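Take a look at the structure set out below.
Numbering (my numbering), first residue to last: 4 to 235.
Following this line, the structure appears as structure tokens:
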């Protein structure tokens, strides 16, 4: 099934997930609605099911039970074009490809040079913008010529440069210092205003940038509140 437009409404209906029939439930009958344009932080201890939830929302994992709907359409029935056009995902396992910065950003055809440069600026990628080679800067095998923090900044910029409706990020700034993170999130609205953002984070100081916080434990949401209430 193919849809030309996605507003970013998400409905999670009775979703469970386990690796196999002998494994324990990682996500346990979870139901929640996320309206289009909302920014949601997902927090909780390691093993709470946060990354598995994001994996299902991005289509990398298939629910054992239940369904995930985007604008009322079952994610499991949508075409590959939906994922590439409407979802922008950053996981902890993402890598930059061997080539150049330019070739890494050219993976999504809708990217234009101006938007890429703005995304690099927002992600604080001065090490590229101020380098003589600019977008022609080479990326070695496994990006070994870039630090882990620089790789994260570039992966985040690549995500931001897309014209997606929904952004799904799993700890996209975990290797960055607090000041750099805050600089990025202070200016995030320029790129994702009106877009849906769901982000897994362990950084408590970042949740103020979100509309809503989901606290997970044992594959369930044990608290659903505003950042202000969680920080009280």
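We put the beta carbon where it would ideally sit given N, CA and C, even for glycine. Quantities reported herein were computed from a predicted structural model and do not represent experimental measurements.
Along the chain, where does the alpha helix (DSSP H) that runs through residue i open and close?
i	result
residue 171	First-last for residue 171: 169-173, but that is the beta strand (DSSP E), not the alpha helix (DSSP H).
residue 187	181-189
residue 60	53-60
residue 234	230-234
Residues bridged to residue i by DSSP?
i	result
residue 199	169
residue 47	219
residue 104	According to DSSP, residue 104 bridges with nothing at all.
residue 30	20
residue 68	19
How far does the beta strand (DSSP E) with residue i in it reach, from first residue to last?
i	result
residue 16	13-20
DSSP three-state label for residue i, please.
i	result
residue 129	helix
residue 161	helix
residue 38	coil
residue 116	helix
residue 138	helix
residue 227	strand
residue 214	coil
residue 4	coil
residue 63	coil
residue 121	helix
residue 25	coil
residue 149	coil
residue 206	coil
Inter-stretch contact at 8 angstroms, needing at least 3 Cβ pairs: the stretch 206-218 / the stretch 146-164: The stretch 146-164 and the stretch 206-218 do not touch, with fewer than three beta-carbon pairs separated by less than 8 angstroms.
contact_flag[the stretch 219-235, the stretch 182-201] where n(CB pairs < 8 angstroms) is 3 or more: They do not touch, by the three-pair rule.
Given 8 angstroms, three or more beta-carbon pairs between the stretch 49-56 and the stretch 24-33: They touch, by the three-pair rule.
Minimum length 3: unbroken beta strand (DSSP E) runs contained in the stretch 71-106: Within the stretch 71-106, the complete beta strand (DSSP E) runs of at least 3 residues are 90-93.
The stretch 133-140 in contact with the stretch 67-84 per 3-pair CB rule at 8 angstroms: Contact between the stretch 133-140 and the stretch 67-84 is not established, with fewer than three Cβ pairs separated by less than 8 angstroms.
Touch test, the stretch 172-189 against the stretch 8-18, Cβ-Cβ under 8 angstroms, three pairs minimum: With a cut-off of 8 angstroms on Cβ pairs, the stretch 172-189 is not in contact with the stretch 8-18, counting fewer than three such pairs.
Sufficient close CB pairs (3 or more, under 8 angstroms) joining the stretch 68-85 to the stretch 228-235: Note that the stretch 68-85 does not touch the stretch 228-235; fewer than 3 beta-carbon pairs, one per stretch, sit closer than 8 angstroms.
The stretch 84-96 contacting the stretch 34-47, beta-carbon criterion three pairs below 8 angstroms: Contact annotation: the stretch 84-96 does not touch the stretch 34-47, with fewer than three C-beta pairs closer than 8 angstroms.
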